Amino acid sequence: MSSDFYTSSILPYAPIIIKICRAYTDSQEDYEDYYQEVCLQIWKSRDNFKGNSKWSTWIYRISLNVCLTLLKKKDKNQMLPSEEKVAEDRDETNFFSDKNLDILYEAIKKLSKVDRAVILLYLEEKSYQEISDIIGTSPNNIGVRITRIKKRLKKLLDGKFD
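All the letters of the sequence shown, read from the start, carry residue numbers 40 to 201 under our numbering.
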């Protein structure tokens, strides 16, 4: 991958990639692997970008697809650890320093894979239309999903502070 392509076409969108990779990983090592794989896939498929959407939308779509694919592979290769073990691992590998943000990401990780993607895009202030283009559903469906996700997150977060 050329440094020019990385600097001009990936680095400005690194916050997008970081947020998505963070939402689908539990350790620094996995996060770094996912981030690297996303960047590689963006570079490999750059010629497939036809300009039918914004570059950022395309970055989101690739990032989500790569993370979901890697997550499926990981799930197939290992049994899921118990919730206690995952919590211990996360405590040991707390690679982000903002405690409130960590709590939010922990709640987001309890959502389904698709709901995680939807709420991350919503938090990025993407329109329902943009979210629907990335996820592949209707804007009305996105609106309903976001309402349900917010309720679920509120319930999860309220449980953290009781």
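Every residue, glycine too, gets a C-beta built ideally from N, C-alpha and C. All values derive from a computational prediction rather than experimental measurement.
Item                                                                                                                                     : Value
Taking 8 Å as the cut-off, decide whether the C-beta atoms of Thr96 and Glu169 are in contact.                                           : yes
Check for me: the alpha helix (DSSP H) holding Arg85 runs from which residue to which?                                                   : Unbroken run through Arg85: none, as it is neither H nor E.
By the 10 Å Cβ neighbour count, where 16 or more other Cβ atoms means buried, how is Ser102 classified, buried or exposed?               : buried
Looking only at C-alpha atoms, which of Asn104, Ser48, Thr46 and Thr64 sits nearest to Ile174?                                           : Asn104
Excluding the 5 residues flanking Ser177 on each side, which residues of the same chain have their C-beta closer than 7 Å to its C-beta? : Ser171
With DSSP collapsed to three states, give me the class of Tyr63.                                                                         : coil
The alpha helix (DSSP H) that contains Glu169, what's its start and end?                                                                 : Tyr167 to Ile174
Mind checking whether Leu196 and Ile142 have CB atoms under 8 Å apart?                                                                   : yes
Could you check which residue in Ala62, Asp86 and Cys78 has the C-alpha nearest to that of Thr46?                                        : Cys78
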